[in-house]
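Only one structure is covered here, and it is reproduced in the block below.
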Amino acid sequence: MSRILFLTVADDPATWASLGFTLDGATVRLGTTAITLTGASPDAKGITSWVLAEDTALPATVDGLPTSTTTGAPTPPTAPSHANGITAIDHLVVMTPNIDRTVSSFEDLGWECRRRRE
C-alpha cells in the first residue's frame, strides 16, 4: 500500500483549527502526512490532489484525482500535538459518484478497498 505524504484539501483552515488541530499556516501535519488546506470553494470539495510515496509509477490521475508520486521520500518532521488528540491518519474515506469505477481503478493499482457502502 502506498503511503500518503501530502493531501490538498479544499477546506477552511479556521474550521480545522476550531476542531482542535494545530496548524502551521494552512498546513496540518498528521503523522507522516501533511495536509494543505486551500479554503472552501463552490468549485472544489474534499481532497483535490495527493502525493504518494510509491516505488512504481502511477497514472497522473487516479479516478480523476490528480496524483503524483515520489520515491525515497524523506521522513517528514514530527507532527505537533493536536488538542483533539489525533496523531495520524488511519485510513482514507473516498466518496465517489461511481463506486464500481473507483473500486476498479484502485484495484487495478493493487490497492485493497476494505469496506464499501452505497
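Counting in my numbering, the sequence shown tops out at residue 118, every number present.
Beta carbons are placed, not taken as given, at the ideal position from N, Cα and C, and that holds for glycine.
Using the DSSP secondary-structure output, state which residues sit across from residue i in a beta bridge.
| i | result |
| --- | --- |
| Phe-106 | According to DSSP, Phe-106 bridges with nothing at all. |
| Thr-61 | Pro-66 |
| Ser-49 | Thr-8 |
| Ala-26 | According to DSSP, which records beta bridges pairwise, Ala-26 is partnered with nothing at all. |
| Arg-3 | Ala-53 |
Given that a residue counts as buried once 16 or more other Cβ atoms are within 10 Å of its Cβ, and exposed if not, what is residue i?
| i | result |
| --- | --- |
| Leu-5 | buried |
| Pro-13 | buried |
| Thr-102 | buried |
| Ala-119 | Outside the modelled stretch of the chain, which goes from 1 to 118, sits residue 119, for which no answer is possible. |
| Val-28 | buried |
| Trp-111 | exposed |
| Val-62 | buried |
Identify which residue in the options has its Cα closest to the Cα of residue i.
| i | options | result |
| --- | --- | --- |
| Ala-40 | Asp-11, Val-62, Ile-47 | Asp-11 |
| Arg-117 | Pro-97, Glu-54, Gly-85, Gly-20 | Pro-97 |
| Lys-45 | Val-9, Ala-88, Val-93 | Val-9 |
Find out if the Cβ-Cβ distance for the pair residue i, residue j is shorter than 9 Å.
| i | j | result |
| --- | --- | --- |
| Thr-32 | Ala-79 | yes |
| Leu-52 | Ser-2 | yes |
| Leu-7 | Trp-16 | no |
| Pro-59 | Thr-67 | yes |
| Thr-86 | Gly-20 | Per the sequence shown, residue 86 should be read as Ile rather than Thr. Against a cut-off of 9 Å, the Cβ pair of Gly-20 and Ile-86 comes out as a contact. |
How would you write the range of the alpha helix (DSSP H) that residue i sits in, first residue to last?
| i | result |
| --- | --- |
| Thr-119 | The first residue shown for the chain is 1 and the last is 118, placing residue 119 beyond what the model contains. |
What span of residues does the beta strand (DSSP E) with residue i cover, start to end?
| i | result |
| --- | --- |
| Leu-37 | 33 to 37 |
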